[in-house]
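Enquirer:
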Amino acid sequence: MDHKELISDALCQAVEEAFSSTVMLSPILTETVLDQKWEEGLILSIDATGSLCGKLSVCLSHKSAASVVSKMLGMDIDEGSSDASDGVGEIVNMVIGGIKNKIDGSGLTFDLSAPQASELKDLV
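If you read the sequence shown in the working numbering, its first letter stands for residue 5, the second for the next number, and so on.
(1) Would you check if the distance between the CB atom of Val72 and the CB atom of Leu64 is smaller than 8 Å?
(2) For Ala14, I'd like the list of residues in its chain whose CB is within less than 6 Å of its CB, leaving aside the five on either flank, ordered along the chain.
(3) My parser needs the alpha helix (DSSP H) runs of 4 or more residues fully inside the stretch 45-117; what are they?
(4) Could you compute how far the alpha carbon of Ser85 sits from the alpha carbon of Val92?
(5) Within 10 Å of its beta-carbon, does Gly54 have 16 or more other beta-carbons around it, so buried, or fewer, so exposed?
(6) Please report how far the alpha carbon of Glu83 lies from the alpha carbon of His66, in whole angstroms.
(7) Kindly indicate the opening and closing residues of the beta strand (DSSP E) around Ser30.
(8) Look at Ala22 and Met98 and say whether their C-beta atoms are less than 8 Å apart.
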């Protein structure tokens, strides 16, 4: 298996595991991104540096972020709150950690930054 296929498989499995274990949701892999224009939302990113370099970003509307984190914590979370951002950051950490575990032994190594939160409106 080449590195691209290894990373792609690891990403799909890690996303499935992170969402199914924390919020009991099963993400659906699609070939296309929904043609949706968001004016506001939350982006959580982690940078990887080493023999494998890149960035893992998760983008959710504020409503979706609050909904996912509310389900994860079992309590109501306000849209746009720091709790929503922190909760999505934890999911991103779980995904990148899952990828790291799944590619262990492949010779690919990387160090990770802390999750960084951005507002979509600041990037558009």
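Note that beta-carbon positions come from the ideal geometry of N, C-alpha and C, so glycine has one too. Being a predicted model, the structure only gives us computed values, none of them experimental.
Expert: On the basis of the coordinates in this document:
(1) yes
(2) Ile103, Lys106 and Ile107
(3) 66-77 and 86-106
(4) 11 Å
(5) exposed
(6) 5 Å
(7) Where Ser30 is concerned, there is no enclosing beta strand (DSSP E), given that its DSSP letter is neither H nor E.
(8) yes
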